[in-house]
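S.K.: Have a look at this one.
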Amino acid sequence: MTGTSMDPQLASTTPAGAFSKKSQGSRKHHRTGIRNWLFGNSSLKGVAIRFSVDFLGANLMLIVAAILRLALTGRIGLENPVGVLLGKITTLYWINVGWFTATAILLFMVNGVYRPVPSSQVGKRLINVARACAIGFILHIGLGLYLGNSMPTVEVAVPAWGMLYLWVSGSRFSRMYVGSKYRMVRRNETVQEKVEDVLLVGGAGYIGSILTRQLLDAGYRVRILDLQMFGIDSLDGILNHPRLEVMRGDFRNVEDIVRALRGMDAVVHLAAIVGDPACALDKNTTIAVNYAAAKMMAQLARANGISRFVFASTCSVYGASDDIRGETSDLNPVSLYATTKIDAERALLEATDEMFQPTILRFATAYGWSHRPRFDLVANLFSAQAVTDGRIRIFNGEQWRPFIHTRDIARACVMVLEAPVKTVGGEVFNVGDDSQNYTLRQLGEIVGNAHPGTIVEEITNEEDPRNYRVSFDKIQEAIGFRASVTLEDGIQEMVDAVLSGEVADWHDSIYSNIRHLEGEGLSVLKFDANAARNEDAEMPATREFLARAA
Numbered sequence: 053m054t055g056t057s058m059d060p061q062l063a064s065t066t067p068a069g070a071f072s073k074k075s076q077g078s079r080k081h082h083r084t085g086i087r088n089w090l091f092g093n094s095s096l097k098g099v100a101i102r103f104s105v106d107f108l109g110a111n112l113m114l115i116v117a118a119i120l121r122l123a124l125t126g127r128i129g130l131e132n133p134v135g136v137l138l139g140k141i142t143t144l145y146w147i148n149v150g151w152f153t154a155t156a157i158l159l160f161m162v163n164g165v166y167r168p169v170p171s172s173q174v175g176k177r178l179i180n181v182a183r184a185c186a187i188g189f190i191l192h193i194g195l196g197l198y199l200g201n202s203m204p205t206v207e208v209a210v211p212a213w214g215m216l217y218l219w220v221s222g223s224r225f226s227r228m229y230v231g232s233k234y235r236m237v238r239r240n241e242t243v244q245e246k247v248e249d250v251l252l253v254g255g256a257g258y259i260g261s262i263l264t265r266q267l268l269d270a271g272y273r274v275r276i277l278d279l280q281m282f283g284i285d286s287l288d289g290i291l292n293h294p295r296l297e298v299m300r301g302d303f304r305n306v307e308d309i310v311r312a313l314r315g316m317d318a319v320v321h322l323a324a325i326v327g328d329p330a331c332a333l334d335k336n337t338t339i340a341v342n343y344a345a346a347k348m349m350a351q352l353a354r355a356n357g358i359s360r361f362v363f364a365s366t367c368s369v370y371g372a373s374d375d376i377r378g379e380t381s382d383l384n385p386v387s388l389y390a391t392t393k394i395d396a397e398r399a400l401l402e403a404t405d406e407m408f409q410p411t412i413l414r415f416a417t418a419y420g421w422s423h424r425p426r427f428d429l430v431a432n433l434f435s436a437q438a439v440t441d442g443r444i445r446i447f448n449g450e451q452w453r454p455f456i457h458t459r460d461i462a463r464a465c466v467m468v469l470e471a472p473v474k475t476v477g478g479e480v481f482n483v484g485d486d487s488q489n490y491t492l493r494q495l496g497e498i499v500g501n502a503h504p505g506t507i508v509e510e511i512t513n514e515e516d517p518r519n520y521r522v523s524f525d526k527i528q529e530a531i532g533f534r535a536s537v538t539l540e541d542g543i544q545e546m547v548d549a550v551l552s553g554e555v556a557d558w559h560d561s562i563y564s565n566i567r568h569l570e571g572e573g574l575s576v577l578k579f580d581a582n583a584a585r586n587e588d589a590e591m592p593a594t595r596e597f598l599a600r601a602a
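For the sequence shown, the working numbering gives the first residue as 53, with consecutive numbering after it.
Quick look at the structure:
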């Protein structure tokens, strides 16, 4: 008997068998790993531009070095015809150009010069460039000695590699300076550490309704921008709070965004079409919401001088793997949901500069009670089925999943806002706890213990081998985050909520993203398809996924 994974947030939308060949997955892992090592989250377009600038610089510096050698050796004088001088310069240039430019670009690649780094770590960039140029200089001298032509080689290599270092460093600093000086609005001279006013995009949702309350409890002033597709019952009891402002608006609309950003110190961006099945309903709408709108929100926040931008991503970006995945591990997305998040992450990290310091939070699979409950998440779904049906079905019980409670997700967002910018700016963090990596079989056992008598049926699905565990060491070491709610306690609260009648009918579409979208929700979210298609060139992960799935 076969079926699909019961985890709607992680379910694949790919045609059966598209990822079944291990050789294809292995080759993809290898290619992705090399690309991440060389270029990090940089887009191919951005890398191509930097390649071109550095290639031009290498050639110019070599020409200048050749002129300097001729000048220092007394071979340039008024008595020399211009044609003779050009011939000598050309000879020196062609002797060195192939080796010099190829070595320079290759060394820059392997030394991380084309990987993005936060502006707070700009010194690391200079070290990488210096190391690459030093290695190139040594190799250049070695080649000259090997060929028995040491002096001309030394006389060209010394100034060429030295000036190339200045060229590359200068071009990076110039880009940083121009980017920081010419903005839509005048920016603060320093990153604002203290946050008082927070724009919460999607503040009436599953996570947002909890985070809103935690931010208010912590003393922040909160402005919510939400389409209110699920209503605002989730904000009952706090709508009249003196430090809360609720704006109904579409974060794909520039006017709504500009109005919402006014006076804010930080943005927490939670709004998205969440889950694989929901994202699969309409590709263009998913791209417009999860990528294009998130990118525009970040650009406008950056232009308005807002330094802190917390972006909600997902551990689904890791896809299928037998290894424990960390923030620098290869990404292996198997759904449109995951690829749009990867591309949005890349766009935000590429926008990082000395003033704009986004933080990417890759959430583990969420579970637990919320003021806007959901029963399309695997742990919550199992809890409800155990109570009403007395039976749960688990597909591929040996598969691993990382879990985290809604309150802990919200708490992680607050902790990031309170952490120093130098600690969290320009960084990616997995959000969860090592103690909550569970197999689906273990999850079923926990549900059975929470509601005794539940029959747990396990079914094998050979077409869905996805399985991954995640390391959460980085966020623990950086800001001291650990989960405060156990999976057992979270399951029990969901079981109790259904038993008590607090949820009248958990089958209602209001508790399911995909069923609500299939009903009336998608018509609200429909957007101009051309706007989504125009983004395709800047979405390598999504473009590759859709090409394979076609």
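Even for Gly, the Cβ is constructed at its ideal location relative to N, Cα and C.
Can you tell me the Cβ-Cβ gap for E470 and T411, rounded? I've got them flagged as a contact below 8 Å.
M.R.: Counting from one through the sequence shown, the residue named residue 470 turns up at place 418. Counting from one through the sequence shown, the residue named residue 411 turns up at place 359. Not quite, the Cβ-Cβ distance comes to about 12 Å (not below 8 Å), so this is no contact.
S.K.: Roughly how far, in whole angstroms, is the beta-carbon of I141 from the beta-carbon of I119, given that I think they are within contact range, below 8 Å?
M.R.: Here residue 141 refers to the residue found at position 89 when the sequence shown is read from its first residue. Here residue 119 refers to the residue found at position 67 when the sequence shown is read from its first residue. Right, their Cβ atoms sit about 6 Å apart.
S.K.: Going by the beta-carbon positions, is the gap between I446 and Y419 smaller than 9 Å?
M.R.: Stepping through the sequence shown from its first residue, residue 446 is reached at position 394. Stepping through the sequence shown from its first residue, residue 419 is reached at position 367. Against a cut-off of 9 Å, the Cβ pair of Y419 and I446 comes out as no contact.
S.K.: Write down the C-beta distance between G254 and L322 rounded to the nearest angstrom, noting that I regard them as a contact closer than 8 Å.
M.R.: Working through the sequence shown from its first residue, we reach residue 254 at position 202. Working through the sequence shown from its first residue, we reach residue 322 at position 270. So it is a contact: roughly 4 Å between Cβ atoms.
S.K.: Is the beta carbon of V320 closer than 9 Å to that of L645?
M.R.: With the chain represented from 53 up to 602, any question about residue 645 goes unanswered, as that position is not in the structure.
S.K.: Buried or exposed: which applies to S261, given that a residue is buried once 16 or more other Cβ atoms fall within 10 Å of its Cβ?
M.R.: Within the sequence shown, the letter at position 209 stands for residue 261. The residue is buried, with at least 16 neighbouring Cβ atoms inside 10 Å.
S.K.: Taking contact to mean at least 3 C-beta pairs separated by less than 8 Å, is the stretch 422 to 441 in contact with the stretch 518 to 536?
M.R.: Segments in contact, no.
S.K.: Looking at the secondary structure, which residues open and close the alpha helix (DSSP H) in which M546 lies?
M.R.: In the sequence shown, the residue the question calls residue 546 occupies position 494. Looking at the DSSP string, the run of the alpha helix (DSSP H) that includes M546 is 539 to 551.
S.K.: Can you tell me whether F160 sits near the ligand GDP, meaning its C-beta is under 8 Å from at least one heavy atom of the ligand?
M.R.: This structure lacks the ligand GDP; in fact it carries no ligand of any kind.
S.K.: Determine the direct distance from the alpha carbon of Q266 to that of D285, and round the result to whole angstroms.
M.R.: Taking the first residue of the sequence shown as position 1, residue 285 is located at position 233. Taking the first residue of the sequence shown as position 1, residue 266 is located at position 214. For D285 and Q266, the distance between alpha carbons rounds to 17 Å.
S.K.: Where does H609 sit, in a helix, a strand or coil, going by DSSP?
M.R.: The chain is shown from 53 up to 602; residue 609 falls before or after that span and cannot be answered.
S.K.: For V547, which residues from the same chain have a beta carbon less than 7 Å from its beta carbon, with the 5 sequence-adjacent residues on both sides left out?
M.R.: Sequence index remark: in the sequence shown, residue 547 carries index 495 (1-based). Within the same chain, V547 has close Cβ partners S435, A438, V439, A502, H503.
S.K.: State the CB to CB distance for the pair C465 and L413, rounded to an integer number of angstroms; the pair is presumed to be in contact (CB under 8 Å).
M.R.: Counting from one through the sequence shown, the residue named residue 465 turns up at place 413. Counting from one through the sequence shown, the residue named residue 413 turns up at place 361. The pair is a contact, with the Cβ atoms about 7 Å apart (cut-off 8 Å).
S.K.: Pick out whichever of R443, R275, I193 has its Cα sitting closest to the Cα of I507.
M.R.: The count along the sequence shown starts at 1 and reaches residue 507 at position 455. It is R443 whose Cα lies nearest to the Cα of I507.
S.K.: Measure the alpha-carbon distance for F533 versus L159 and round it to whole angstroms.
M.R.: For the purposes of this step, residue 533 is identified with residue 481 of the sequence shown, where counting begins at 1. For the purposes of this step, residue 159 is identified with residue 107 of the sequence shown, where counting begins at 1. In a straight line, the C-alpha of F533 is about 38 Å away from that of L159.
S.K.: Return the chain-ordered list of same chain residues with a C-beta closer than 8 Å to the C-beta of L191, the five sequence neighbours on each side being excluded.
M.R.: Stepping through the sequence shown from its first residue, residue 191 is reached at position 139. Once the five neighbours on either side are set aside, the close Cβ partners of L191 are T155.
S.K.: Starting from Y389, follow the alpha helix (DSSP H) in both directions and report where the run begins and ends.
M.R.: Position 337 of the sequence shown, counting from 1, holds the residue named residue 389. Y389 -> alpha helix (DSSP H) spans 388 to 402.
S.K.: Are A530 and D395 touching if we call contact CB-CB under 9 Å?
M.R.: On the sequence shown, residue 530 is found 478 positions in, with the first residue counted as 1. On the sequence shown, residue 395 is found 343 positions in, with the first residue counted as 1. It is not a contact, given that the beta carbons lie outside the stated cut-off.
S.K.: Between the stretch 555 to 569 and the stretch 475 to 492, do three or more beta carbon pairs fall short of 8 Å?
M.R.: Taking 8 Å as the limit for Cβ pairs, the verdict is that the stretch 475 to 492 does not touch the stretch 555 to 569.
S.K.: On the three-state DSSP scale, how would you describe D317?
M.R.: As a position in the sequence shown, residue 317 is number 265, starting the count at 1. In this structure, D317 counts as coil in the three-state DSSP scheme.
S.K.: Measure the C-alpha to C-alpha separation of R183 and P211 and round it to an integer number of angstroms.
M.R.: As a first step, residue 183 is located in the sequence shown; it is residue number 131 there, counting from the start. As a first step, residue 211 is located in the sequence shown; it is residue number 159 there, counting from the start. Rounded to the nearest angstrom, the two C-alpha atoms are 16 Å apart.
S.K.: Roughly how many angstroms lie between the CA atoms of D106 and T404, to the nearest whole one?
M.R.: Walking along the sequence shown from the start, residue 106 turns up at place 54. Walking along the sequence shown from the start, residue 404 turns up at place 352. Roughly 21 Å separates the two Cα atoms.
S.K.: Judging by CA-CA distance, which residue of E248, D269, A270, L287 is the nearest neighbour of L277?
M.R.: For this step, residue 277 is matched to residue 225 along the sequence shown. When only C-alpha atoms are compared, the closest one is L287.
S.K.: Counting only the same chain and skipping the five closest in sequence on each side, list residues whose C-beta sits under 6 Å from that of I187.
M.R.: Reading the sequence shown from its first residue, position 135 is the one you call residue 187. Taken in chain order, the residues that qualify are L159.
S.K.: Give the range of the beta strand (DSSP E) segment to which N448 is assigned.
M.R.: Residue 448 sits at position 396 when you count from the first residue of the sequence shown. Note, N448: premise wrong, no beta strand (DSSP E); not H, not E.
S.K.: Between I309, T264, M281, V483, which has its C-alpha nearest P294's C-alpha?
M.R.: Reading the sequence shown from its first residue, position 242 is the one you call residue 294. Selected option, being the one with the closest Cα: T264.
S.K.: In whole angstroms, what separates the C-alpha of R273 from that of D541?
M.R.: Reading the sequence shown from its first residue, position 221 is the one you call residue 273. Reading the sequence shown from its first residue, position 489 is the one you call residue 541. Straight-line Cα distance between these residues: approximately 31 Å.
S.K.: Which runs of the alpha helix (DSSP H) at least 4 residues long sit entirely within the stretch 253 to 289? Give them in chain order.
M.R.: Counting whole runs of 4 or more residues, the stretch 253 to 289 contains the alpha helix (DSSP H) stretches 260 to 269.
S.K.: How many Å lie between G164 and I498 at the Cα?
M.R.: On the sequence shown, residue 164 is found 112 positions in, with the first residue counted as 1. On the sequence shown, residue 498 is found 446 positions in, with the first residue counted as 1. Near 45 Å, if we compare the C-alpha coordinates of I498 and G164.
S.K.: Assign P329 to buried or exposed, taking buried as 16 or more other Cβ atoms, counted over all protein chains shown, within 10 Å of its Cβ.
M.R.: Residue numbering aside, residue 329 sits at position 277 when the sequence shown is read from its first letter. With 16 or more Cβ atoms within 10 Å of its Cβ, P329 is classed as buried.
S.K.: At which residues does the alpha helix (DSSP H) containing M348 begin and terminate?
M.R.: As a position in the sequence shown, residue 348 is number 296, starting the count at 1. 345 to 355 is the extent of the alpha helix (DSSP H) around M348.
S.K.: Using 8 Å for Cβ pairs, my map puts E248 next to D317. What's the rounded Cβ distance?
M.R.: By one-based count along the sequence shown, residue 248 stands at place 196. By one-based count along the sequence shown, residue 317 stands at place 265. E248 to D317, Cβ: 6 Å. Contact.
S.K.: Does the Cβ-Cβ distance between S365 and Y258 come in under 9 Å?
M.R.: The residue labelled residue 365 in the question sits at position 313 within the sequence shown. The residue labelled residue 258 in the question sits at position 206 within the sequence shown. No, the pair does not count as a contact, with Cβ atoms beyond the cut-off.
S.K.: If V362 and D460 are in contact, beta carbons under 8 Å, what's the gap, nearest whole angstrom?
M.R.: Taking the sequence shown and counting its residues from 1, the one referred to as residue 362 is at position 310. Taking the sequence shown and counting its residues from 1, the one referred to as residue 460 is at position 408. Between D460 and V362 the Cβ distance is about 15 Å, and since that is not below 8 Å, they are no contact.
S.K.: Can you tell me the Cβ-Cβ gap for S223 and G150, rounded? I've got them flagged as a contact below 8 Å.
M.R.: Against the sequence shown, residue 223 aligns to sequence position 171. Against the sequence shown, residue 150 aligns to sequence position 98. At roughly 22 Å, the Cβ-Cβ gap does not stay under 8 Å, so S223 and G150 are not in contact.
S.K.: Judging by CA-CA distance, which residue of G371, T392, L291 is the nearest neighbour of D382?
M.R.: Your numbering for residue 382 matches position 330 in the sequence shown. Nearest of G371, T392, L291 to D382, Cα basis: G371.
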